[in-house]
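Enquirer: Throughout the sequence shown, residue numbering follows the working numbering, covering 82 to 404 in sequence.
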Amino acid sequence: MVTPENLSGDTGGRRERHRFDQDASSTAVDMDTAIVLLGAGVTAITHPLLYVKLLIQIGHEPLTPTVGTTMFGRKVFYLPGFFSYAQHIVRVDGKMGLFRGLFPRIMSSAISNMVRSKIKQAIPAEQAEHVSNRDDLKTSLRKVVKETSHEMVIQCLSRIAIHPFHVISVRCMAQFVGREVKYRGLFSSITKIFNEEGVGGFFVGVVPHVLGEVIFLWCCNLLAHFINTYAVDDNFSQAPAVRSYTKFVMGIAVSVLTYPFMLVADLMAVNNCGLVAGLPPNSPIFKSWVHCWAHLSHEGHLFRGSSFFFRRVPVTGMALTEE
């Protein structure tokens with residue numbers, strides 16, 4: 082029988098559930114906002130480092146190398162490190178010059194976080210894997226494959242979504258070489274790329290970038306799994322601590338091997354876009370990212386820009402060939 086008390090209690094329950102849903106939604110929004118703001122802060126702090134790295138990647142060496150010798154007595158040219166390069170940028174463009182191309186990177190970071198969040202809501206990890214959870218740390222290979230596949234989908238969709246902003250940021254920074262002002266604001270850059278290159282202009286270099294991230298993800302996760310499963314003995318007292326750091330260490334090692342993919346992606350973003358940095362004699366015009374890879378491999382430059390410090394090239398007359 083329906084009574085006023087029942088009606089009142091039912092209404093109160095619905096109000097409580099509605100209030101709970103609102104609180105949960107508000108908490109989720111606050112968490113997403115905090116993640117976006119944190120990502121923007123980290124992006125801004127690290128931007129000068131990546132700016133110098135990009136200029137080194139495209140082969141811009143404005144400072145004269147100094148002659149020195151290694152501990153084995155071999156003569157080499159020491160190229161300027163990060164701090165010397167950053168000081169040169171400050172002398173040319175001022176302190177704010179270190180943040181050229183920052184806004185597209187912030188937009189890229191924010192969109193990446195939002196895309197990842199939406200994909201995780203649409204395809205939760207619990208639905209991506211249909212294997213039994215085990216209490217021990219030796220996770221089954223099947224479960225690792227399921228989890229890595231889920232991460233790969235998120236990573237690929239996120240990369241495709243933010244790659245246009247990556248292209249704009251790279252081109253803004255590459256303008257330092259020729260002192261151009263072709264790419265300035267975000268919206269004007271979008272219009273210029275669309276008018277000159279069409280939609281494809283926003284995705285130049287996306288293939289090697291995605292390939293590099295997919296290879297990195299699979300190698301890192303599988304190597305960490307096999308090491309934790311077969312190399313770390315359960316009888317070892319520090320086994321849990323070792324396992325917790327395995328994936329981190331594997332990430333560092335694998336990132337070195339996949340670096341050429343990132344280098345090729347950045348070079349393709351600049352190549353033949355109308356900037357001095359992407360045109361002869363500074364750079365050949367590449368037909369494809371495979372052509373770019375082959376050229377770098379032939380020149381021995383597949384790892385150009387991978388180091389910020391102690392950069393050196395052997396003294397071979399007037400020629401400089403990076404090690």
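For glycine and all other residues, C-beta sits at the position ideal for the given N, C-alpha and C. Predicted model, so just to flag it, every value in this text is computed and none were measured.
Is K156 helix, strand or coil when you go by DSSP?
Expert: Looking at K156 - three-state DSSP - the assignment turns out to be strand.
Enquirer: Spatial neighbours of I241 within its chain, please: C-beta separation below 8 Å, excluding the five flanking residues on both sides.
Expert: Cβ neighbours of I241 beyond the five flanking positions: F284, V287, V291.
Enquirer: Just the Cα atoms here: how many angstroms apart are V248 and K227?
Expert: Taking the straight line joining both Cα atoms gives about 31 Å.
Enquirer: Beta-carbon separation of A121 and I187 under 9 Å?
Expert: Yes, they are a contact pair.
Enquirer: Mapping DSSP to helix, strand and coil, what is G266?
Expert: Correct three-state label for G266: coil.
Enquirer: Run the CB neighbour count on L136, radius 10 Å, all protein chains shown included, and call it buried at 16 or more, exposed below.
Expert: When all chains shown are included, L136 counts as buried.
Enquirer: According to DSSP, is V357 helix, strand or coil?
Expert: In the structure shown, V357 sits in a helix (DSSP, three-state: H, G or I).
Enquirer: For L303, which residues of its own chain have a beta-carbon under 6 Å away from its beta-carbon, when the five flanking residues on both sides are left out?
Expert: Answer for L303: no residue qualifies.
Enquirer: For F391, I'd like the list of residues in its chain whose CB is within less than 8 Å of its CB, leaving aside the five on either flank, ordered along the chain.
Expert: Around F391: Y159, G162.
Enquirer: Leaving aside the five residues before and after S387 along the sequence, list all residues of the same chain whose C-beta is less than 6 Å from its C-beta, in chain order.
Expert: Cβ neighbours of S387 beyond the five flanking positions: Y340.
Enquirer: From V117, I366, M177, T150, pick the residue whose C-alpha is nearest to that of P129; which is it?
Expert: Considering only alpha carbons, the answer is M177.
Enquirer: So for R393, helix, strand or coil by DSSP?
Expert: Strand at R393.
Enquirer: Just the C-alpha distance for I126 and Q168, rounded to the nearest angstrom, thanks.
Expert: Between I126 and Q168, the C-alpha separation is close to 16 Å.
Enquirer: Using only CA atoms, which one of N353, L298, K273 lies nearest to M331?
Expert: Per the Cα distances, L298.
Enquirer: Under 8 Å Cβ to Cβ from I139, same chain only, skipping five residues before and after it: list those, please.
Expert: A255, V258, D347, L348, V351, A358, G359, N363, S364, listed in sequence order.
Enquirer: State buried or exposed for I274, treating a residue as buried only when at least 16 other CB atoms are found within 10 Å of its CB.
Expert: With 16 or more other Cβ atoms within 10 Å, it is buried.
Enquirer: Taking 7 Å as the limit between beta carbons, can you name the residues of its chain near G149, skipping five residues before and five after?
Expert: Hits under 7 Å: V157, Y159.
Enquirer: Give the C-beta separation of S165 and I243 to the nearest angstrom, bearing in mind that I take them to be a contact with Cβ-Cβ under 8 Å.
Expert: That pair is no contact at about 31 Å.
Enquirer: Does the beta-carbon of R385 have 16 or more other beta-carbons within 10 angstroms, so that it is buried, or is it exposed?
Expert: R385 comes out buried.
Enquirer: Taking the alpha helix (DSSP H) that V371 belongs to, which residues open and close that run?
Expert: From DSSP, the alpha helix (DSSP H) with V371 extends over 370-380.
Enquirer: Find out if the Cβ-Cβ distance for the pair N194, V117 is shorter than 9 Å.
Expert: It is a contact, given that the beta carbons lie within the stated cut-off.
Enquirer: Could you check where the alpha helix (DSSP H) with T229 kicks off and where it finishes?
Expert: Where T229 is concerned, the enclosing alpha helix (DSSP H) stretches over 222-259.
Enquirer: Short of 6 Å in beta carbon distance, which residues of its chain neighbour S239, apart from the five on each side in sequence? Order them along the chain.
Expert: Excluding residues within five positions, the ones whose Cβ falls inside 6 Å are S193, V196, R197.
Enquirer: In this structure, what does DSSP give as the bridge partners for G175?
Expert: None, per the DSSP bridge assignment.
Enquirer: Is P185 closer than 9 Å to L131 when the C-beta atoms are compared?
Expert: It is not a contact, given that the beta carbons lie outside the stated cut-off.
Enquirer: Would you grab the beta carbon distance between L356 and R260 for me? Rounded to a whole angstrom, and I think it's under 8 Å.
Expert: L356 to R260, Cβ: 10 Å. No contact.
Enquirer: Whose CA, out of L119, F153, V123, R172, lies closest to the CA of P143?
Expert: Residue R172 is the option with its Cα nearest to P143.
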